[in-house]
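Report on the structure given below.
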Amino acid sequence: MAEQQTVGVGLISVGWMGKVHSRAYANIPVFYPELGIKPRLVIAADTAEDRAEYAVDVLGYEKGTTDYHEVLNNPDVDVVSICAPNFLHAQIAQDAAAAGKAFWLEKPAGRSAEETQAISDAADRAGVVSAVGFNYRNAPAIEYARQLVADGKLGRITNVRGAFFADYSADPRGALSWRFVRDLAGSGVLGDLMGHLIDLTHYVVGPVQEVTAATSTVYSERPELPMGSGTHFAIVENGDMKPVENEDYASMIVRYAQPDSSGSASPVIGTLEASRVANGPRASYGVEVYGTEGSFRWDFERMNELQLALNTAPHVGYTTVMAGAEFGDFSVFQPGAGTPMGYDDLKTIEAKKFLLAFLGQDSQHADIKDGLSANRVVSAAEKSAESGSWQKVDQVSNTSAQGKGGK
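Our numbering numbers the first residue of the sequence shown as 1 and each following residue consecutively.
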């Protein structure tokens with residue numbers, strides 16, 4: 001057993017995602033005992049007193065509070081998980097940085113590229129480690145596919161296709177939670193799901209350079225849900241109808257930049273879609289990458305599988321490859337291919353990468369620079385949808401996605 005190094009953890013907002021973060025921290029000594037990292041759940045904050053009590057009674061935090069400043073001011077807290085709604089991210093993250101706390105912030109970081117830039121600047125000024133919750137890049141099948149691309153196994157990448165389709169708002173009686181209010185959420189499905197897809201393609205292929213986009217709001221009104229009384233999955237019968245202020249569906253054509261073997265820029269074209277009102281898909285978050293020597297397809301609904309074509313006769317066409325020991329961190333969680341990993345496991349990998357980065361080790365985790373990079377694409381897409389024109393994307397340097405090799 002490795003020598004134990006305790007890391008004090010604070011949590012801000014004890015909702016569903018706060019619970020996921022808490023389980024991820026608790027899982028690290030179980031799945032990664034060789035790292036010697038022992039998270040200590042010190043204090044959790046939530047505006048609802050019963051949730052703060054739940055954090056102590058059920059999740060195992062030593063203390064609960066209704067004031068998040070108590071988390072940031074606690075000297076035993078080294079790292080903070082920020083799982084509050086979008087409109088609180090910028091202030092809390094900047095406060096965390098000012099307090100000298102490393103922070104793990106759920107996506108989309110800020111409500112806009114400008115807010116996310118402010119968070120990034122605060123982290124840079126304070127010299128603190130940051131993380132953003134882009135969990136899908138941690139799927140072992142994605143890690144394996146990324147390595148295939150980096151090693152040139154697919155040849156020169158020519159085009160990308162991705163669709164993140166969910167049905168959590170497909171019912172028009174679905175509650176108008178904060179996610180549908182622009183002042184509270186910022187963009188709609190662009191920030192909620194498209195941001196994930198953008199980061200996934202940044203991680204595997206490279207940065208988006210230019211975008212043209214179209215969006216639509218399928219349901220212009222929804223029944224109101226009082227803040228804190230439910231989630232965006234809730235169904236409200238006979239509620240007061242209020243306007244939906246952001247988009248339900250988004251489609252983008254993008255251009256990536258990827259050097260070819262001669263070192264010159266070789267444009268890669270991508271088509272990306274996201275919907276929160278799709279009927280049929282439950283959480284079909286998929287990406288396809290095509291190259292001159294092969295391609296792969298992956299979908300979160302079957303996250304432990306990779307459809308792979310390497311175009312080597314006679315094995316032409318797709319083969320279903322089950323994630324196994326050769327795929328990322330798969331063997332940490334399961335003994336062999338065919339026994340699946342789940343969503344919580346991806347967040348455990350995310351927590352591990354964040355804490356390794358906090359302890360000064362290179363983990364290529366998604367950080368605030370990656371969040372800013374994705375948000376700049378989202379902002380450019382919003383401008384394009386309004387103007388009908390192509391928009392350049394200002395590039396972000398030093399993102400973890402730019403490190404192409406390894407995991």
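Beta carbons are placed, not taken as given, at the ideal position from N, Cα and C, and that holds for glycine.
Taking 8 Å as the cut-off, the Cβ atoms of M341 and P140 count as close. Secondary structure of N74 (DSSP, three-state): coil. The C-beta of T65 has 16 or more other C-beta atoms within 10 Å across all chains shown, which makes the residue buried. Here R302 carries a helix assignment [DSSP, helix/strand/coil]. Measuring C-alpha to C-alpha distances from S387 to each of G371, Y285, V211 identifies V211 as the nearest.
Apart from the 5 residues on each side of it in sequence, F134 sits with its Cβ closer than 7 Å to the Cβ of K107, H196, D199, A366, D370 in its chain, given in chain order. In this chain, K242 is not harboured by any alpha helix (DSSP H); it is covered by the beta strand (DSSP E) spanning 241 to 243. The segment 299 to 310 and the segment 236 to 250 do not touch, with fewer than 3 CB-CB distances between them shorter than 8 Å. In this chain, the beta strand (DSSP E) harbouring G286 covers 283 to 291. Counting every other CB atom within 10 Å of its CB across the protein chains shown gives R297 a total of 16 or more, marking it as buried. In this structure, the alpha-carbon of K153 lies about 30 Å from that of A351. Around V393, the same chain offers V208, Q209, E210, V211, R376, V377, A380 as residues with beta carbons nearer than 7 Å, after the five sequence neighbours per side are excluded.
Y25 has its alpha-carbon roughly 11 Å from the corresponding atom of Y61. The Cβ atoms of L355 and V79 sit closer than 8 Å to each other.
CA-to-CA, the gap between D248 and F300 works out to about 20 Å. Under the criterion of beta carbons closer than 8 Å, V236 and L225 qualify as touching, at roughly 6 Å. With fewer than 16 neighbouring CB atoms inside 10 Å of its own CB, S220 falls in the exposed class. Under the three-state reduction of DSSP output, K347 falls in the helix class. Leaving aside the five residues that flank G10 on each side, the residues in its chain whose CB is nearer than 8 Å to its CB run, in chain order, V42, I43, A44, A45, V71, L72, N74, V77, V79, V80, S81, K101.
Under the DSSP definition of a beta bridge, F165 partners with S275, S284. By the neighbour-count definition (other C-beta atoms within 10 Å, threshold 16), E49 is an exposed residue. Nearest neighbour of M322 by Cα position, chosen from R146, T339, C83, turns out to be T339. Per DSSP, reduced to three states, the secondary structure at S112 is coil, with no helix or strand assignment.
As for any alpha helix (DSSP H) of minimum length 4 sitting wholly inside the segment 149 to 235, the runs are 182 to 185, 195 to 204, ordered along the chain. With the rule of 3 Cβ pairs closer than 8 Å, the segment 329 to 338 does not count as touching the segment 160 to 167. If you compare the alpha carbons of A385, P33, A131, L193 with that of A278, the shortest gap goes to L193. Cβ contact annotation for F31 (same chain, cutoff 7 Å, sequence separation greater than five): V332, F333, T348, in chain order. Between V132 and A109 the beta-carbon gap is near 5 Å, inside 8 Å, which marks them as a contact. Per DSSP, K101 lies in no alpha helix (DSSP H) and is assigned neither H nor E. Apart from the 5 residues on each side of it in sequence, Q361 has no Cβ closer than 8 Å to any other Cβ in its chain.
Put simply, of P223, Y203, R276 the residue whose alpha carbon is nearest the alpha carbon of R173 is P223. In summary, R51 is buried, with 16 or more beta-carbon neighbours lying within 10 Å of its beta-carbon over all protein chains present. Going by C-alpha positions, R23 is about 14 Å away from Y54. In this structure, the beta-carbon distance from S13 to C83 falls below 8 Å. A residue is called buried once 16 or more other Cβ atoms fall within 10 Å of its Cβ, and R125, having fewer, is exposed.
About 7 Å separates the CB atoms of N159 and G270; that is less than 8 Å, so the two are in contact.
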